[in-house]
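To start, the structure itself, in structure tokens.
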Amino acid sequence: MGGNGKRRWKISFYSRSKPTQTQHQQQQPPKEFLCPISGSLMFDPVVVSSGQTFERLSVQVCHDLGFIPTLQDNSLPDFTNVIPNLAIKTTIQNWCDSSGTQHPPAPDYSSLEEIIREKMKFSSPSASSLSKSMQLSPDIRVSERELLKAVAENPPVLFSHANTELPPRVNHFYSSSSEESVIVNTAATPSASPLTPLPLATRPACYSSSSSSSNSIAESETLTVTENPKLSREEHEIVEKLKSLDVRDQEQGLISLRKITRTKEETRVSLCTPRLLSALRTLVPSRYFSVQTNAIASLVNLSLEKVNKVKIVRSGFIPLLIDVLKGGFDEAQEHAAGALFSLALEDENKMAIGVLGALQPLMHMLRAESERARHDSSLALYHLSLIQSNRVKLVKLGAVSMLLSMVKSGDLASRLLLVLCNLAACNEGRSAMLDANAVAILVGILREGGGGDSEVIRENCVAALFALSHGSMRFKGLAKEARAVEVLREIEERGSNRAREKAKRILMMMRGRDEEDEDIYWEEVLESGGISRTRHRAAGRNLPGPNTTNF
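Each residue of the sequence shown is one higher than the last, beginning at 1 in UniProt numbering.
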């Protein structure tokens, strides 16, 4: 240590040895970088309606040949829509650069055609006949094509049915206070992001397993599911009603499905099959209020089980739910937001939901009149913003200024601060928040006491400030300008344990760069200048980094 109390760093130049060609050859690309059809690194990856990522030309060749491949998990992709997957494309290019692998070349149409024709030889007869029927009937509608695909690829599956009247809408579907967003100590949950509070709500607000209202379905009418062979006929009747051209039959089938999946976990799992999902998918765009609303409410019930979440996304529901958010019935929009929240809980779905275009409609729903729609949309955005690609998309969509404005007005403040914490964990989000005067806004909220749910809001404000201060050279000046020190000192003395710890760390950084902050600074110098140093760290004092996701 020098006389001025600052640490002296040992700087040394070194040469990095390049990996040998043998080492390059031993590195195999991650499975998600390979097209499921061609098995090669993807040159132009696209996300299809069912959520999987393929090489664009592979999808085109399959479409030209009228072929629908069966994937390794026995699922059938939906090629109705394709959207460029820029996030995985960039990740593939970065992996090629870091591993010394040549960037994937543009695929050749004739080579892909040969590969796909070879796969067609070994496909099931039903799939082949389906492909031919699709080729011979170019005018066939998408919904009919999906039904044909489901019938051709899956044996008859039977579903339960109960003949009931459409119950009037009740207000008791809203979740209880125990399902509200709850903040936990991240020390108790090692898997949680160190920068972001964790909401524990895992059920959409539009879902309720029971209701005490006299208008709700009576206890005696609630269906119970047991292993009874007699149920097979009733199950079959539900699917037939969903596929019926009679709207009244569709209503009755959906009411039965909604009731039977409301409380029974095992029923939700057993009913979530390709045949049922195919029939249910055709009813989501319905312009009949009761059909559209009950179809999406049934989907919410099915999505509550973890094993169903990926299956639902891969069945092509996301574009339909997005369309409902843009122009469906009000109650259907509530359920659509709840379904997207429920599906976003599964890590494997997060990128697909973002790429398929759900972020902007969810942002729009934050200003909806329905409290349930706003609640579920905010939590859907929180879970979707846990991955880097969606954070960048939200920043480009202008989410930062919108969220800060809503937080400042007190609307959904406790929940939207969670999203801002996630955005502050990436460079793009952090820069956008600093440019949008986020430091002054957050300090102002703390100075005013936080408003409703004041303790939770104060904790989340401090967490957002902590995320902004992490690795930022601009934060210190902006915080001093906003007179943040006096506010943070008060929180350090009187705040909750979690808020006190974060406030203490911010104040340490503002008083002068401690060794943790110098460590961050030198990491930036090393990355830009190609030099190395001997690290000196105090035991157990490593500053946690942003919660980034590798793809």
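Idealized CB from N, CA, C, for every residue including glycine. Here the structure is a predicted model, which is why all the values come from computation and not from measurement.
Spatial neighbours of residue i within its chain, please: C-beta separation below 6 Å, excluding the five flanking residues on both sides.
i           : result
A432        : V395, V400
S377        : A337, L362, M365, L366
A87         : S389
V355        : V47, I83, N85
R258        : N294, A297, S298
V225        : Only weak support is given to the placement of V225: the predicted model assigns it a pLDDT of 36, under 50, and the question is left unresolved by the model.
A436        : V400, S401, L404
M120        : F67
S370        : E334
H24         : Residue placement at H24 is poorly supported in this model, since its pLDDT is 43, which falls under 50; the coordinates still yield a value, given next. Contacts found: G100.
residue 555 : No answer is possible for residue 555: it lies beyond the span of the chain, which begins at 1 and ends at 551.
Candidates the options: which alpha carbon is nearest residue i's?
i    : options                : result
M508 : R474, I322, S469, N81  : S469
R374 : A352, L403, G398       : L403
L280 : L343, S315, K264       : S315
E490 : A503, E455, K326, L478 : A503
G100 : A295, L359, P29, R287  : P29
S38  : V48, L299, V47, R56    : R56
S286 : K243, V313, L271, I445 : K243
E428 : G444, K326, V392, K306 : V392
S270 : V307, I255, D246       : V307
A380 : A368, S409, E369, K350 : K350
T263 : S49, S303, R275, A499  : S303
L423 : E455, S414, Y382       : Y382
S474 : A440, V284, L34, E371  : First, the amino acid is wrong: residue 474 is Arg here, not Ser. Of the candidates A440, V284, L34, E371, the one whose C-alpha sits nearest the C-alpha of R474 is A440.
A344 : G327, E331, F317, A368 : F317
L34  : N81, T91, Q60          : T91
L41  : R498, V61, N94         : N94
G51  : A358, S496, G410       : A358
E486 : A464, R447, R498, G477 : R447
L465 : C421, F54, I260        : C421
A479 : I116, V291, G444, S496 : G444
V247 : T282, H63, P274        : T282
S256 : V462, V291, T273       : V291
What are the start and end residues of the beta strand (DSSP E) that includes residue i?
i   : result
I83 : 82 to 84
Going by DSSP, name the residue or residues bridged to residue i.
i   : result
T53 : V47
L34 : L41
Leaving out the 5 sequence neighbours to the left and right, which residues in its chain are closer than 8 Å to residue i when beta-carbon positions are compared?
i    : result
S472 : R430, L434
L397 : L359, Q360, M363
Could you spell out the range, first to last residue, of the alpha helix (DSSP H) harbouring residue i?
i           : result
I445        : 438 to 448
E371        : 371 to 384
Y109        : 109 to 121
T267        : 265 to 271
S409        : 399 to 409
E305        : Taken as a continuous stretch (DSSP letters only), E305 belongs to no alpha helix (DSSP H), as it is neither H nor E.
P319        : 318 to 327
L433        : It is Met, not Leu, that sits at residue 433 in the sequence shown. 427 to 435 is the span of the alpha helix (DSSP H), which, as asked, contains M433.
S472        : S472 -> no alpha helix (DSSP H), and no H or E assigned at all.
Q360        : 359 to 365
K502        : 497 to 511
F341        : 330 to 344
N390        : 388 to 396
C206        : Note, C206: premise wrong, no alpha helix (DSSP H); not H, not E.
N422        : 413 to 423
G354        : 347 to 355
residue 553 : Missing from the structure shown is residue 553; the chain here goes from 1 to 551 and no further.
V485        : 484 to 494
Leaving out five residues on either side along the sequence, give the residues of the same chain with a beta carbon under 7 Å from the beta carbon of residue i.
i    : result
F289 : F329
A438 : L404, L468
L416 : S378, L403, M406, V407
H335 : C206, T293, I296, A297, V300
E348 : V310
L488 : A503, I506, L507
L112 : S38, L57, S58, V61
R500 : I491, E492
F43  : E55, P104, P105, A106, P107
P125 : In this prediction, P125 has a pLDDT of 48, which is less than 50 and means its spatial position is unreliable; what the coordinates show is noted afterwards. No residues qualify anywhere along the chain.
P319 : S49, N81, L356
H63  : F79
Got a sec: does the ligand PLP put a non-hydrogen atom nearer than 8 Å to the Cβ of residue i?
i    : result
S256 : Summarising the ligand content, the structure contains no ligands, and the ligand PLP is consequently not present.
Does the stretch 70 to 77 come into contact with the stretch 101 to 111, if we say contact requires no fewer than three beta-carbon pairs (one atom in each stretch) closer than 8 Å? Counting Cβ pairs under 8 Å, fewer than three are found: no touch.
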